[in-house]
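K.L.:
Numbering (the UniProt record's numbering), first residue to last: 1 to 321.
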């Protein structure tokens, strides 16, 4: 009886561990770095680098819904679409802190093919206008992400279903960037001091070059897709007809992992966020000292016939290595 219980526990434990990884691993979406691969510095010098990541929660959002209306006349098309949009927006405007903008996209005629029958020749298909198609986009700005479900419910009641995208905005990006630069400055100074201690040298008077930059990733750019299914394999003849079922495609938010960064601001991510990356690099040329310019202390003054005094710059700067 004890052996049976132990065997069952092992199976259950493996099932739990498999669920923690998630179904996304059916298609091997993750490529883990299991070893550290560090390039050796060049003979001329070394590079000190610091990378930072900040997860910034959005302050406001803009959802874009697409609407389409067709009809036989321009008046019919305009009236039908305006009625749908107006009824929807009257309900949405009752929500707190909401701004709305309607964007005109296109207004084009719609054509169909008309068959021209001839007795002694082939059929001829002619395009003829049969109506008009009108497209408009509804932009909704809001600050509470929970309101998006309310907007979808209201718009769907008026046959508006196409949610094109949701954009994220933050008023604190400039403050976050300054904070990241300050953190990176302290860390890279610490790295350079550590290199000096390890090498028993000082880099005070050697040549240095610096570069840095930011990358901002929005949630709309960070979604991936996968299909999770397990199909059976059949040993069939080539002539066999196989009807495969349509597989459901899933979208999920995939943020940038924080494992490659020296520091992270707001490391825990629950909802989709704006992610800001910052990197600074300093190249230290250990073989080359800074160029210094020395000048003589002598000054020469020219007295003009009018009695004016002018300084003559006849000193030649010398470079000291």
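No residue lacks a Cβ here, since even glycine has one placed at the ideal position from N, Cα and C.
Nothing here was measured: the structure is a model prediction, and the numbers come from that model.
Can you give the beta carbon distance from residue 206 to residue 50, rounded, assuming they're within the 8 Å contact cut?
P.N.:
One-based indexing of the chain shown puts residue 206 at position 206. One-based indexing of the chain shown puts residue 50 at position 50. Rounded, the Cβ-Cβ distance is 19 Å, inconsistent with contact.
K.L.:
Give the C-beta separation of residue 173 and residue 276 to the nearest angstrom, bearing in mind that I take them to be a contact with Cβ-Cβ under 8 Å.
P.N.:
Within the chain shown, numbered from 1, the residue matching residue 173 stands at position 173. Within the chain shown, numbered from 1, the residue matching residue 276 stands at position 276. Rounded, the Cβ-Cβ distance is 7 Å, consistent with contact.
K.L.:
I need the boundaries of the alpha helix (DSSP H) containing residue 162, first residue and last residue.
P.N.:
As a position in the chain shown, residue 162 is number 162, starting the count at 1. It is not in any alpha helix (DSSP H) - residue 162 instead sits in the beta strand (DSSP E) that spans 162-169.
K.L.:
With DSSP run on the structure shown, which of helix, strand or coil describes residue 180?
P.N.:
The count along the chain shown starts at 1 and reaches residue 180 at position 180. Residue state, collapsed to three classes: helix.
K.L.:
Counting pairs of Cβ atoms below 8 Å between the segment 124-142 and the segment 62-71, do you hit three or more?
P.N.:
Yes, they touch.
K.L.:
Going straight from the alpha carbon of residue 249 to that of residue 265, what length do you get?
P.N.:
Taking the chain shown and counting its residues from 1, the one referred to as residue 249 is at position 249. Taking the chain shown and counting its residues from 1, the one referred to as residue 265 is at position 265. Their backbone Cα atoms lie some 33 Å apart in a straight line.
K.L.:
In the DSSP assignment, the alpha helix (DSSP H) including residue 204 goes from what residue to what residue?
P.N.:
For the purposes of this step, residue 204 is taken as residue 204 along the chain shown, with counting starting at 1. First-last for residue 204: undefined, no H or E at that position.
K.L.:
Take residue 91 and list the residues in its own chain whose beta-carbon comes closer than 8 Å to its own, dropping the five residues that flank it on each side.
P.N.:
Counting from one through the chain shown, the residue named residue 91 turns up at place 91. Within the same chain, residue 91 has close Cβ partners 154.
K.L.:
Take every Cβ of the segment 92-107, pair it with every Cβ of the segment 146-165, and state whether three or more of those distances are shorter than 8 Å.
P.N.:
Judged by Cβ distances under 8 Å, the segment 92-107 makes contact with the segment 146-165, as three or more pairs qualify.
K.L.:
Roughly how many whole angstroms lie between the Cα atoms of residue 81 and residue 101?
P.N.:
Taking the first residue of the chain shown as 1, we reach residue 81 at position 81. Taking the first residue of the chain shown as 1, we reach residue 101 at position 101. Looking at the two C-alpha atoms, the distance is approximately 15 Å.
K.L.:
Whose C-beta lies closer than 6 Å to the C-beta of residue 217 among residues of the same chain, with five residues either side of it excluded?
P.N.:
In the chain shown, counting from the first residue as 1, residue 217 sits at position 217. Answer for residue 217: 275, listed in chain order.
K.L.:
If we count the other Cβ atoms within 10 Å of its Cβ and call it buried at 16 or more, is residue 88 buried or exposed?
P.N.:
For this step, residue 88 is matched to residue 88 along the chain shown. With 16 or more Cβ atoms within 10 Å of its Cβ, residue 88 is classed as buried.
K.L.:
Under DSSP, the beta strand (DSSP E) around residue 66 begins and ends at which residues?
P.N.:
Here residue 66 refers to the residue found at position 66 of the chain shown. That run of the beta strand (DSSP E) goes 60-71.
K.L.:
According to DSSP, simplified to helix, strand and coil, what is residue 229?
P.N.:
Position 229 of the chain shown, counting from 1, holds the residue named residue 229. Residue 229 falls in the coil class under three-state DSSP.
K.L.:
Under a three-way DSSP split, which group does residue 115 fall into?
P.N.:
As a working mapping, residue 115 is identified with position 115 in the chain shown. In the structure shown, residue 115 sits in a strand (DSSP, three-state: E or B).
K.L.:
Give the straight-line distance between the Cα atoms of residue 130 and residue 122, rounded to the nearest whole angstrom.
P.N.:
Translated into the one-based positions of the chain shown, residue 130 becomes position 130. Translated into the one-based positions of the chain shown, residue 122 becomes position 122. Whole-angstrom Cα-Cα distance: 24 Å.
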